[in-house]
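Student: Protein chains in written order, with the working numbering: chain A, 1 to 334; chain B, 1001 to 1334. Note that beta-carbon positions come from the ideal geometry of N, C-alpha and C, so glycine has one too.
There are 2 protein chains.
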Amino acid sequence: MKPPVIADVARVAGVSVPTVSRVLNGTVPVSAERRERVMAAVKKLGFRPNGAARSLASQAGSMIAVFAGNTTRYGYAATIQGIEEAARQAGYMVVISVVETADGATVERAIDHALGQPLAGAVVLEFDPPGVAALAQMPSWLPAVAAASGGSSDEAISHAYMDDRHAAIQATRYLLDLGHRTVHHVAIPSMGVESARMVGWREALRDAGIEPPPVIHAGWDPLAGYDAGVRLARDDGATAVLAGNDELAIGVMKGLVDSGRSIPGDVSVIGFDDHPLSQLWVPPLTTVRQDFVGLGHQVFGLLVGRMEAGEPRPSVRMVPDLVVRQSTGRPASR
Amino acid sequence: MKPPVIADVARVAGVSVPTVSRVLNGTVPVSAERRERVMAAVKKLGFRPNGAARSLASQAGSMIAVFAGNTTRYGYAATIQGIEEAARQAGYMVVISVVETADGATVERAIDHALGQPLAGAVVLEFDPPGVAALAQMPSWLPAVAAASGGSSDEAISHAYMDDRHAAIQATRYLLDLGHRTVHHVAIPSMGVESARMVGWREALRDAGIEPPPVIHAGWDPLAGYDAGVRLARDDGATAVLAGNDELAIGVMKGLVDSGRSIPGDVSVIGFDDHPLSQLWVPPLTTVRQDFVGLGHQVFGLLVGRMEAGEPRPSVRMVPDLVVRQSTGRPASR
DNA sequence: TTGAAAGCGCTAACAT
DNA sequence: ATGTTAGCGCTTTCAA
């Protein structure tokens, strides 16, 4: 059986179609008596307005598209959760648009597809190259904002961002202050340019008059961190490591431990994100906590502003903080 | 500036509106020459069809709603990823509908909201009480399927499911065969009835003539697992634990270790899911691997069948397998 | 093969 | 406060 339409409700309630619409939307006053009748008819028929028709007639979208390179990794998933929560509360639905690579055709296909829906706006997760590419190709007529880590590639679009550069500086300095001679960096895949985490790490080292050791590039997979840990274990001078994220840090620690190094006895490790499992690790991981859910809320707020005002809002900066646990300590004196 | 509409394309190409539609949809043959003109106009104007209008006119949805109690936990996120991949390939967009509680009003709000969109179908993640409730309230006219763990509450709807009961039996037997006198169970929140994981665990124990010890109920949070681990450490007879999932297992192990027990020396622990970090734990966690992404693919396949045929398809059973790593061993002889 | 005409279900502008 | 009249942008008859 087919879902009832507004005309059915009007007939059952004995009123005109627009009256039903008015009751449903509450924009224009309707007499209490008719409102009752309409409500009763709606309930009786189990009527739900057709979103497509509504969007078409009102020229207003009811959905927010989220463009993301990934949906399952911790930072991504948590940010999307934040966006979804805020959107739901504001009455929008979230459609997920995964952009697998930064390849032009892939990005265009994803955008094309999403724009086919009645969108009110879009938020792009500018955490990786696909995100950057998607942002670059967003049509100008669609209200869009970005959630970023460490700054945005497109200053014309307002964004909420984690100040990862700042956080990396803090973390690196913390390690240096503990007495470590230098700090190694195991990097997450870069966004085309260098990640803010890497930039901050290098800056802190240079400020301290230390020439940064070569970066160890890893993928997103924790196992890549493991390999990095094994490599690091061969270098006696490596007593401190700043990993690009917690998954990598956990892999690094495991690689180090399997190679006979102890943590934090021989090597100190700091991660990024404060993954839910980080505190349960042995030893509990010192990390830079990032409030991704909050980032999601913030970026949605930006989008609402953009949709209503039409004007780009100033960007929002979020400051991650260092959570000191037991994976860091003074270097062994030799 | 506003996006161009189909009439603009028709004007530029010098053809009628329906002709443009025909070229775009490729349903009816159009002369090569006109097709060229239309394509050129589309490209020139950067035209993209309006999905709302399309859905309204064709009476066909272009989106798949995914109802889930959660989006960030491993099993959920991975299943959603699988659904999204399959849906994208088939030309559908995925809208996420988070159902926070099983409370009637919450579920109804979520469904109402989602049904406002031009949906082609829905898949509900029947992993928890909100999922069960959502499934129960789905309107019959919407093609719907379910992804479940251990069986479905609604046999009228086709579902893809992980045979968790079977897997729990395997895991429990494995522990028993190792020589453990009994196996304790730290449970994830139940779906109203008991989880299949719990049922299987109990069944295996009874089959072996062992009266199941009291279940330790934990939440979803790994920290709840920690508390369970601490409690278990006080019981000298507890030498083997089957945890409801890997996050809980990791918490349990940490609680056990912090209470002075060694793993697998004093206590063996098995988890569920094969979380990406499980293999990196110290010791690497023995667990029941679940192919959630595959589950997502399967359940989407079911939905396609349901949308096309209208007939419910037979359900799909997926068999998780036990991955033996180093968190399990023979009990210490005393 | 193509165009003209008629909706899809709803909201908005215009009357009353 | 309410009904009548027009569309929103597209697909789908129906003729030609």
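(1) Using only the alpha-carbon positions, how far apart do A/T172 and A/T239 sit?
(2) Under 8 angstroms by Cβ, that's how I've got B/A1102 and B/A1148 pegged, so tell me the actual separation to the nearest angstrom.
(3) Hey, would you say B/V1009 sits closer than 9 angstroms to B/A1053, going by beta carbons?
(4) Give, in chain order, every unbroken run of the beta strand (DSSP E) that is at least 3 residues long and sits entirely within the segment 63-111 of chain A.
(5) Along the beta strand (DSSP E) that carries A/V269, what are the first and last residues, could you check?
(6) The alpha helix (DSSP H) spanning B/L1119 covers which residue range?
(7) Ignore the nearest five residues each way along the sequence and tell me which others in A/S97's own chain have a CB closer than 6 angstroms to its CB.
(8) What number of angstroms, rounded off, separates the C-alpha of B/S1195 from the C-alpha of B/A1144?
(9) Under a CB-based cut-off of 9 angstroms, is B/T1072 close to chain A?
(10) Less than 9 angstroms between CB atoms is the rule here; does B/M1198 satisfy it with respect to chain A?
(11) Nearest chain B C-beta to A/N50 closer than 9 angstroms, yes or no?
(12) Would you mind stating whether B/A1168 and B/M1198 have Cβ atoms separated by less than 9 angstroms?
(13) Just verifying my parser: in three-state terms, what is the DSSP assignment at B/L1277?
(14) Where are the beta strand (DSSP E) runs, 3 residues long or more, that stay fully inside the segment 1181-1246 of chain B, in chain order?
(15) Leaving aside the five residues before and after B/A1233 along the sequence, list all residues of the same chain whose C-beta is less than 6 angstroms from its C-beta, in chain order.
(16) Let me make sure I understand the geometry here. Which of A/T72, A/T328, A/Y161 has the alpha-carbon closest to that of A/P283?
(17) Since B/A1013 contacts B/R1037 with CB under 8 angstroms, what's their CB separation in whole angstroms?
(18) Measuring straight from C-alpha to C-alpha, what distance separates B/D1163 and B/S1315?
(19) Kindly give me the distance between the Cβ atoms of A/A187 and A/A218, rounded to whole angstroms, as I take these residues to be in contact under 8 angstroms.
(20) At a Cβ threshold of 9 angstroms, is A/V98 touching chain B?
(21) Just to confirm my understanding: we take A/M253, look at its own chain, exclude 5 residues before and 5 after, and list those with CB closer than 6 angstroms. What are they?
(22) For A/N70, I'd like the list of residues in its chain whose CB is within less than 6 angstroms of its CB, leaving aside the five on either flank, ordered along the chain.
(23) Less than 9 angstroms between the C-beta atoms of B/Y1002 and A/W141, yes or no?
(24) Listing by chain order, which chain A residues have their CB less than 7 angstroms from the CB of B/L1115?
(25) Assuming A/R306 contacts A/S158 (C-beta within less than 8 angstroms), just tell me the rounded distance between them.
(26) Can you tell me where the beta strand (DSSP E) with B/A1146 in it begins and where it stops?
(27) Given A/R34, which residues of its chain have a CB within under 8 angstroms of its CB, disregarding the five upstream and five downstream residues?
(28) Any beta carbon from chain B within less than 9 angstroms of A/I80's own beta carbon?
(29) Considering only the alpha carbon of each residue, which of B/V1323, B/P1331, B/V1293, B/A1309 lies closest to A/T72?
(30) Indicate whether A/P118 and B/G1051 have their beta-carbon atoms separated by less than 9 angstroms.
(31) In chain order, what residues of the same chain have a beta carbon less than 7 angstroms from the beta carbon of A/G82, not counting five sequence neighbours either side?
(32) May I ask you to list, following chain order, the residues of the segment 134-145 of chain A that have a beta carbon less than 9 angstroms from some beta carbon of chain B?
(33) Would you mind stating whether B/L1322 and B/Y1161 have Cβ atoms separated by less than 9 angstroms?
(34) Could you tell me which residues DSSP puts in a beta bridge with A/D321?
(35) Applying a beta-carbon distance threshold of less than 8 angstroms, which residues of chain B neighbour A/I250?
(36) Considering only C-alpha positions, which residue in the set B/V1099, B/A1105, B/Y1092 is nearest to A/E112?
Tutor: Judging by the given coordinates:
(1) Locating residue 172 of chain A in the first sequence gives position 172, counting from the first residue. Locating residue 239 of chain A in the first sequence gives position 239, counting from the first residue. Spanning the two alpha carbons is a distance of roughly 12 angstroms.
(2) Position 102 of the second sequence, counted from the first residue, corresponds to residue 1102 of chain B. Position 148 of the second sequence, counted from the first residue, corresponds to residue 1148 of chain B. So it is not a contact: roughly 15 angstroms between Cβ atoms.
(3) For this step, residue 1009 of chain B is matched to residue 9 along the second sequence. For this step, residue 1053 of chain B is matched to residue 53 along the second sequence. B/V1009 is not a Cβ neighbour of B/A1053, given a cutoff of 9 angstroms.
(4) List check, beta strand (DSSP E) in window: 63-68, 93-98.
(5) For the purposes of this step, residue 269 of chain A is identified with residue 269 of the first sequence, where counting begins at 1. Note, A/V269: beta strand (DSSP E), 268-273.
(6) Residue mapping note: residue 1119 of chain B aligns to position 119 of the second sequence, counting from 1. Annotation for B/L1119: no alpha helix (DSSP H) segment contains it, though the beta strand (DSSP E) segment containing it runs 1119-1126.
(7) Residue 97 of chain A sits at position 97 when you count from the first residue of the first sequence. So the list reads A65, F67, A110, A114, once near-sequence residues are dropped.
(8) The count along the second sequence starts at 1 and reaches residue 1195 of chain B at position 195. The count along the second sequence starts at 1 and reaches residue 1144 of chain B at position 144. So the two alpha carbons sit approximately 22 angstroms from each other.
(9) Here residue 1072 of chain B refers to the residue found at position 72 when the second sequence is read from its first residue. For B/T1072, the nearest beta carbon of chain A is closer than 9 angstroms to its own beta carbon.
(10) Residue mapping note: residue 1198 of chain B aligns to position 198 of the second sequence, counting from 1. Not closer than 9 angstroms to any Cβ of chain A, the Cβ of B/M1198 fails to qualify, so no.
(11) Mapped onto the first sequence, residue 50 of chain A falls at position 50. Cβ-Cβ to chain B under 9 angstroms: yes for A/N50.
(12) Residue numbering aside, residue 1168 of chain B sits at position 168 when the second sequence is read from its first letter. Residue numbering aside, residue 1198 of chain B sits at position 198 when the second sequence is read from its first letter. Yes, the pair counts as a contact, with Cβ atoms nearer than the cut-off.
(13) In the second sequence, residue 1277 of chain B corresponds to position 277, counting from 1. Correct three-state label for B/L1277: coil.
(14) Under the rule that a run must span 3 or more residues, the beta strand (DSSP E) segments found entirely inside the segment 1181-1246 of chain B read 1184-1187, 1240-1243.
(15) Mapped onto the second sequence, residue 1233 of chain B falls at position 233. Within the same chain, B/A1233 has close Cβ partners L1256, S1259, R1261.
(16) By one-based count along the first sequence, residue 283 of chain A stands at place 283. If we check each option's Cα against that of A/P283, A/T328 comes out closest.
(17) For the purposes of this step, residue 1013 of chain B is taken as residue 13 along the second sequence, with counting starting at 1. For the purposes of this step, residue 1037 of chain B is taken as residue 37 along the second sequence, with counting starting at 1. Between B/A1013 and B/R1037, the beta carbon gap of about 4 angstroms places them in contact (Cβ cut-off 8 angstroms).
(18) Mapped onto the second sequence, residue 1163 of chain B falls at position 163. Mapped onto the second sequence, residue 1315 of chain B falls at position 315. In a straight line, the C-alpha of B/D1163 is about 12 angstroms away from that of B/S1315.
(19) Counted from its first residue, the first sequence places residue 187 of chain A at position 187. Counted from its first residue, the first sequence places residue 218 of chain A at position 218. Yes, A/A187 and A/A218 are in contact; Cβ-Cβ is about 6 angstroms, under 8 angstroms.
(20) In the first sequence, residue 98 of chain A corresponds to position 98, counting from 1. Chain B, which has a Cβ nearer than 9 angstroms to the Cβ of A/V98, makes this yes.
(21) Here residue 253 of chain A is taken as the residue at index 253 of the first sequence, counted from 1. Only I263, V269 meet the Cβ criterion.
(22) Indexing the first sequence from 1 puts residue 70 of chain A at position 70. These residues qualify, in order along the chain: Y76.
(23) Taking the first residue of the second sequence as position 1, residue 1002 of chain B is located at position 2. Taking the first residue of the first sequence as position 1, residue 141 of chain A is located at position 141. Reading off the sequence shown, one finds Lys at residue 1002 of chain B, where the question assumed Tyr. Cβ atoms of B/K1002 and A/W141: closer than 9 angstroms.
(24) The residue labelled residue 1115 of chain B in the question sits at position 115 within the second sequence. Residues of chain A passing the Cβ test: R48.
(25) Translated into positions along the first sequence, residue 306 of chain A becomes position 306. Translated into positions along the first sequence, residue 158 of chain A becomes position 158. With a beta-carbon spacing of about 6 angstroms, A/R306 and A/S158 fall inside the 8 angstroms limit used to define contacts.
(26) By one-based count along the second sequence, residue 1146 of chain B stands at place 146. Note, B/A1146: beta strand (DSSP E), 1144-1149.
(27) Locating residue 34 of chain A in the first sequence gives position 34, counting from the first residue. Closer than 8 angstroms at Cβ, skipping near neighbours: A13, V15, T19, V23.
(28) Mapped onto the first sequence, residue 80 of chain A falls at position 80. With 9 angstroms as the cut-off, A/I80 counts as an interface residue toward chain B.
(29) The sequence position of residue 72 of chain A within the first sequence is 72, counting from 1. Between A/T72 and the set B/V1323, B/P1331, B/V1293, B/A1309, the nearest pair of CA atoms involves B/V1293.
(30) Mapped onto the first sequence, residue 118 of chain A falls at position 118. Mapped onto the second sequence, residue 1051 of chain B falls at position 51. Closer than 9 angstroms, so yes.
(31) What you label residue 82 of chain A is simply residue 82 of the first sequence in a count that begins at 1. Apart from sequence neighbours up to five positions away, the residues of its chain that approach A/G82 with a beta-carbon distance below 7 angstroms are F292, V293, G294, L295, G296, H297, ordered along the chain.
(32) Against chain B - using a Cβ distance shorter than 9 angstroms - the residues of the segment 134-145 of chain A are P139, S140, W141, L142.
(33) Taking the second sequence and counting its residues from 1, one reaches residue 1322 of chain B at position 322. Taking the second sequence and counting its residues from 1, one reaches residue 1161 of chain B at position 161. If you check the CB distance, B/L1322 and B/Y1161 do not come in under 9 angstroms.
(34) As a working note, residue 321 of chain A is residue 321 in the first sequence. The beta-bridge partner set that DSSP reports for A/D321 consists of A/R289.
(35) Within the first sequence, residue 250 of chain A is the residue found at index 250, counting from 1. What A/I250 touches in chain B: L1277, L1280.
(36) Stepping through the first sequence from its first residue, residue 112 of chain A is reached at position 112. With the sequence shown as reference, residue 112 of chain A is identified as Asp, and Glu is not the correct amino acid for it. The candidate whose alpha carbon is nearest that of A/D112 is B/Y1092.
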